[in-house]
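Worksheet: the structure to be examined is printed underneath.
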Amino acid sequence: MKIPKEFNLIWAQIDNRRKLYFGMGAAILSSVMVAFIPYIYGRLVDVAIKAGAQMKIVFELILLWLVISILSNLLGRYTDRYAFEMSTDVSNKLMVDLFNHLSNLPISFHKEKKTGKVTRRASRGIDQLGDFIERTIFSFLPAVLTFFVALVILFFVEWRLSLILLVSSLVYILMTIFYTKKIVKEQKLVNANWEKAYGELFDSVTNVHAVKSATAEDFEQKRNTRNFNFVGRIYKNWRFKWTKMSFWQQMIFAVAFIAVFVNGVMMLKAGTLTPGLLIMFVGYTSLLTSPLARLADQYRQAKTAIDTFRRAAKYYDIAPEKDLANARKFEIKGRVVFDNVSFTYKKGRREVLKNIFFEVEPGQTVALVGESGVGKTTIADLVGRYYLPQRGRIFIDGVDIKKIQLKSLRAQMALVPQEVILFNDTIENNIKYGSPNASEQQIIEAAKAANAHEFIETFPKKYEQLVGERGIKLSTGQKQRVAIARAILRDPKILILDEATSALDSVSEKLVQEALQKLIQNRTTFVIAHRLSTIQHADKIIVLEKGEIAEQGTHEELMLNPDGIYRNFWEMQTAIERRK
Ligand SMILES: Nc1ncnc2c1ncn2[C@@H]1O[C@H](COP(=O)(O)OP(=O)(O)O)[C@@H](O)[C@H]1O
Ligand SMILES: [Mg+2]
205 MKIPKEFNLI WAQIDNRRKL YFGMGAAILS SVMVAFIPYI YGRLVDVAIK
255 AGAQMKIVFE LILLWLVISI LSNLLGRYTD RYAFEMSTDV SNKLMVDLFN
305 HLSNLPISFH KEKKTGKVTR RASRGIDQLG DFIERTIFSF LPAVLTFFVA
355 LVILFFVEWR LSLILLVSSL VYILMTIFYT KKIVKEQKLV NANWEKAYGE
405 LFDSVTNVHA VKSATAEDFE QKRNTRNFNF VGRIYKNWRF KWTKMSFWQQ
455 MIFAVAFIAV FVNGVMMLKA GTLTPGLLIM FVGYTSLLTS PLARLADQYR
505 QAKTAIDTFR RAAKYYDIAP EKDLANARKF EIKGRVVFDN VSFTYKKGRR
555 EVLKNIFFEV EPGQTVALVG ESGVGKTTIA DLVGRYYLPQ RGRIFIDGVD
605 IKKIQLKSLR AQMALVPQEV ILFNDTIENN IKYGSPNASE QQIIEAAKAA
655 NAHEFIETFP KKYEQLVGER GIKLSTGQKQ RVAIARAILR DPKILILDEA
705 TSALDSVSEK LVQEALQKLI QNRTTFVIAH RLSTIQHADK IIVLEKGEIA
755 EQGTHEELML NPDGIYRNFW EMQTAIERRK
């Protein structure tokens, strides 16, 4: 049998193997011991009721019974503790390990997958694994062992009665598994429909504004009623199947018990069975029924646990971002060259960028201009090696960026995007995110340079102010300035401003522009902006059209071409500005 790779994943998280073997040994030992208890009291009865009973043997048997009960309970307690300890440790370690792995996956993975779904799948898979270890491996499997040992003992004692128990157990097991398989399949349908019903219900509540303005209340209410009626119906059906199965299970138990008892009484009358043996059999019947009664639940749980964990473990199949073997740390000066770069997000899809060729000298500012969707952000992402071009190469100071260590490359870059995302933490921590060793003085200076110090000082807690989920308590312009302060603190060699001022009103824009002017000194800067007046003084302006470079040059050079795209843009924008 091939060992599934999921097993290796779990195995790697268990560092105290010896303790594991002890735990398993204790579980096995205690379940074997339990299987002997009915045997002991059955014998005890026979010895005790015999005429001229030997009291010494009676006491010995009672003592044995007591000792075995105490020992098996102690071992059971150890097993339970260990099972809990192990499942907690393994799931915690796996959780961290899997989330580390997820954060090492390329940005393309995170852009494609919904974060909520990924985290839910990962954490659910691991939670289920913890349950599986505790309940199935350390609780159910030992009970199954007790079951088999008990059957073997019974066969030695009285095989005819054992046969009744064996046959009815087999019928029970086959029926349960057959039924449970069907029910589990249906359960998936029920779950999916619950999710859908709740999802749409929440959607209509959270988007209540949109619903009202579209006067779609009736539509939403009807749909929600329909969804819940439907899922309610299939859920009830599903539950009825359980109760039906449980009825047949109980029937099998009852018939088996009666059969053993009746046969036993007849054999007792015929003198082929002693009263002690009958009591022993009655005891065993209840011992055998307990793992059987848990079978359906266990089957369902184990299957769900294995399936959900498998799904979570699939993320390990996706390769993380990696450095090439010969990648090295590198001190960047800032000369960036795109040498005939072509790029597509998905193989076989249309090329987003085609034959891009340009050079930027250290400290220069280059502006990327073009319609939305033309590939400006993509160029910026290629510089940070978030994606690799399919054709062509990108050089920094003459070195192919593939040969620069990712961490070293990104540590010398900073990005100020249009939508700044802050952590739900203090302003100070948000500014120094990415520069953990910055002193308080440096942080304040960076904030001053970013025109952020003033508004931070107006907060009651100043730099200790919490910014709220994703920075919700700050205005767009304030977030932008926090992001600029963060970038200043990092002192990057390459800076990317991706529509950093597009969403701002004119007052904020002026403050942010001022801050940016200070920031771009002495760094290679890529500016992406729609308002051409803001990039007029760039050392180089690259005009993109349909993924290709249509024009490049300085403002003055580009304005010389009367039919040029840039000049057209410019004239359109200045005309609009004048009309305002
Ligand atoms: N992660 C992605 N997967 C697939 N296509 C993408 C992805 N990101 C962007 N695109 C597509 O690539 C093109 C260029 O996008 P982008 O560089 O963001 O444009 P810009 O920044 O110029 O507005 C667009 O057509 C966009 O739809
Ligand atoms: Mg963009």
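First residue of the sequence shown? That's 205 in the numbering used here, and the numbers climb one at a time after it. The C-beta atom is built at its ideal place from N, Cα and C for all residues, glycine as well.
- Neighbourhood of ligand 1, defined by CB distance below 5 Å to any of its heavy atoms: Lys315, Tyr549, Val556, Ser576, Gly577, Val578, Gly579, Lys580, Thr581 and Thr582, in chain order.
- Straight-line measurement puts the Cα of Leu365 at about 29 Å from the Cα of Gly256.
- With the rule of 3 Cβ pairs closer than 8 Å, the stretch 553-566 does not count as touching the stretch 612-631.
- When the Cα atoms are used, Leu370 and Leu355 turn out to be separated by approximately 8 Å.
- In this structure the stretch 673-691 touches the stretch 648-664; the number of beta carbon pairs closer than 8 Å is three or more.
- Contact between Ala689 and Ala642 does not hold, since their C-beta atoms are separated by about 10 Å, which reaches or exceeds 8 Å.
- Around the CB of Met470, fewer than 16 other CB atoms lie within 10 Å, so the residue is classed as exposed.
- Collapsing the DSSP output to three states places Thr419 in coil.
- For Glu703, the distance from the CB to the nearest heavy atom of ligand 2 is below 7 Å.
- Beta bridge pairing from DSSP links Met617 with Ile698.
- Cβ-Cβ distances below 7 Å link Phe351 to Leu492 and Pro495 in the same chain, with the five nearest sequence neighbours on each side left out; the list follows chain order.
- Cβ contact annotation for Leu723 (same chain, cutoff 7 Å, sequence separation greater than five): Ile688, Ala691, Ile692 and Leu699, in chain order.
- Judged by DSSP secondary structure, Phe226 falls within the alpha helix (DSSP H) whose first and last residues are Arg221 to Val238.
- In this structure, the beta-carbon distance from Phe303 to Ile522 does not fall below 8 Å.
- By the 16-neighbour rule on beta-carbons within 10 angstroms, Ser490 is exposed.
- Around Asp335, the same chain offers Ser291, Gln505 and Ala509 as residues with beta carbons nearer than 8 Å, after the five sequence neighbours per side are excluded.
- A check of alpha carbon separations from His741 across Leu748, Val236 and Gln725 identifies Gln725 as the nearest.
- Under the three-pair Cβ rule at 8 Å, the stretch 377-390 does not count as touching the stretch 539-553.
- If you draw a straight line from the Cα of Ala754 to the Cα of Thr582, it is about 17 Å long.
- In this structure, Leu701 places its C-beta atom within 8 Å of the C-beta atom of Thr729.
- Secondary structure at Phe773: helix, using DSSP grouped into helix, strand and coil.
- The Cβ atoms of Gly579 and Leu748 lie closer than 8 Å to each other.
- Within the DSSP bridge table, the entry for Thr728 names Ile698 as partners.
- C-alpha of Arg430 to C-alpha of Val409: approximately 16 Å in a straight line.
- With a cutoff of 8 Å on beta-carbon distance, Gly246 and Gly487 are scored as near each other.
- Taken in chain order, the complete alpha helix (DSSP H) segments of 4 or more residues contained in the stretch 315-394 are 319-335 and 345-361.
- Fewer than three pairs of CB atoms, one per stretch, sit closer than 8 Å, so the stretch 519-537 makes no contact with the stretch 710-720.
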